[in-house]
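Enquirer: Numbering (the numbering used here), first residue to last: 29 to 302.
Heads up, the beta-carbon is just placed ideally off N, CA and C, and yes, glycines get one too.
None of the values given here were measured: they were computed from a predicted structure.
Structural data, given as structure tokens:
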């Protein structure tokens, strides 16, 4: 199954205010450039905008007026973004080279900086013995199942506010099996158990972060997750496990992990350190 990764370059044409969570700009840019949007959210990921390599969105640091929580850019600012699509057919969208975006009073020029099409397997990222996963935007990991107690309490879903790479990869494995796009080898539960034993945390720097996603009727709509990084050591060299971990790490590096990765949450960067 083909995977398309499109890198966008955007230039601000005026001093402007952007949406507080800037993946909305990326989504609009893709729509204007291609004339379409993917129908299945699990098959796509629209990143936030990046400025000088840093993600651009509004963090909530304390109390204040919602109207004061703005993301701004100046005329001439250059921004980048990524769109990742898992295609159900070989019919890929053909983008225009560039277009002008208008969001309220904001005007930006959007261009296709690079575009690549490859197989899902070719995205595999074989980890070194020691590797680091950096969480560049807020990340939440859904915990499967509720149990009787949570049902009685009316809790619809649980989330982990700390990194758990074994769980994150098992969730991605479940999604890929559900979409029937790859031979995933170990079933998600068995993968979780194997990865849990095979991955040792060596170092970390993690903090919680609350962000403003949008404003509805004058009220803030927020999301919460963790940011930072964790350094892992791979303790198991079993080739079958390595192949599956490599595929899932590459998929995570391209599409993100956890809740709402289709709209820019859970954006990760993975690098080998040894």
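Can you give the Cα-Cα distance for residue 125 and residue 140, rounded to whole angstroms?
Expert: So the two alpha carbons sit approximately 6 Å from each other.
Enquirer: Do the region 264–283 and the region 235–245 touch if we need at least three Cβ pairs shorter than 8 Å?
Expert: Short answer: they don't touch.
Enquirer: Can you tell me which of the three DSSP states residue 187 falls into?
Expert: Of the three classes helix, strand and coil, the one that applies to residue 187 here is strand, per DSSP.
Enquirer: Could you check the C-alpha separation between residue 127 and residue 105 for me, to the nearest Å?
Expert: So the two alpha carbons sit approximately 16 Å from each other.
Enquirer: Measure the CB-CB distance between residue 226 and residue 264 and report whether it falls below 9 Å.
Expert: It is a contact, given that the beta carbons lie within the stated cut-off.
Enquirer: If you draw a straight line from the C-alpha of residue 45 to the C-alpha of residue 132, how long is it?
Expert: So the alpha carbons of these two residues sit roughly 9 Å apart.
Enquirer: Please classify residue 64: is it buried, with 16 or more other beta-carbons within 10 angstroms of its beta-carbon, or exposed?
Expert: Exposed, since its Cβ has fewer than 16 Cβ neighbours within 10 Å.
Enquirer: Residues in the same chain with beta-carbon distance under 8 Å from residue 88, minus the five sequence neighbours each way, listed in chain order, please.
Expert: Taken in chain order, the residues that qualify are 97, 238, 239, 240, 248 and 250.
Enquirer: Is residue 128 helix, strand or coil by DSSP?
Expert: Looking at residue 128 - three-state DSSP - the assignment turns out to be strand.
Enquirer: Taking the straight line between their C-alpha atoms, what separation do you get for residue 136 and residue 102?
Expert: So the two alpha carbons sit approximately 11 Å from each other.
Enquirer: Measuring straight from C-alpha to C-alpha, what distance separates residue 228 and residue 260?
Expert: The alpha-carbon atoms of residue 228 and residue 260 are separated by roughly 5 Å.
Enquirer: Do you know whose CA, among 262, 232, 200 and 236, lies nearest residue 189's CA?
Expert: Selected option, being the one with the closest Cα: 236.
Enquirer: Just the Cα atoms here: how many angstroms apart are residue 217 and residue 157?
Expert: Roughly 23 Å separates the two Cα atoms.
Enquirer: According to DSSP, is residue 59 part of a helix, a strand, or is it coil?
Expert: In the structure shown, residue 59 sits in a helix (DSSP, three-state: H, G or I).
Enquirer: Using a threshold of 9 Å, state whether the C-beta atoms of residue 301 and residue 160 are closer than that.
Expert: Cβ atoms of residue 301 and residue 160: closer than 9 Å.
Enquirer: Is the beta carbon of residue 108 sitting closer than 9 Å to the one on residue 287?
Expert: No, they are not a contact pair.
Enquirer: Return the residue from the list 154, 164 and 115 that minimises the CA-CA distance to residue 146.
Expert: The shortest C-alpha separation from residue 146 is found at 115.
Enquirer: DSSP three-state call for residue 274: helix, strand or coil?
Expert: Helix at residue 274.
Enquirer: Straight-line CA distance for residue 154 to residue 77?
Expert: Straight-line Cα distance between these residues: approximately 27 Å.
Enquirer: Which two residues bound the contiguous beta strand (DSSP E) that contains residue 236?
Expert: Residues 227–244.
Enquirer: With a threshold of 6 Å on Cβ separation, who are the neighbours of residue 224 within its own chain once the five nearest residues in sequence on each side are excluded?
Expert: Result list for residue 224: 194, in chain order.
Enquirer: What residues in its chain sit with their C-beta under 7 Å from that of residue 152, if we drop five residues either side in the sequence?
Expert: Excluding positions up to five away in sequence, the list reads 274, 275 and 278.
Enquirer: Run through the DSSP bridge pairs and tell me what residue 79 is partnered with.
Expert: According to DSSP, residue 79 bridges with 82.
Enquirer: Do you know how far the Cα of residue 197 is from the Cα of residue 266?
Expert: Distance between the alpha carbons of residue 266 and residue 197: 17 Å.
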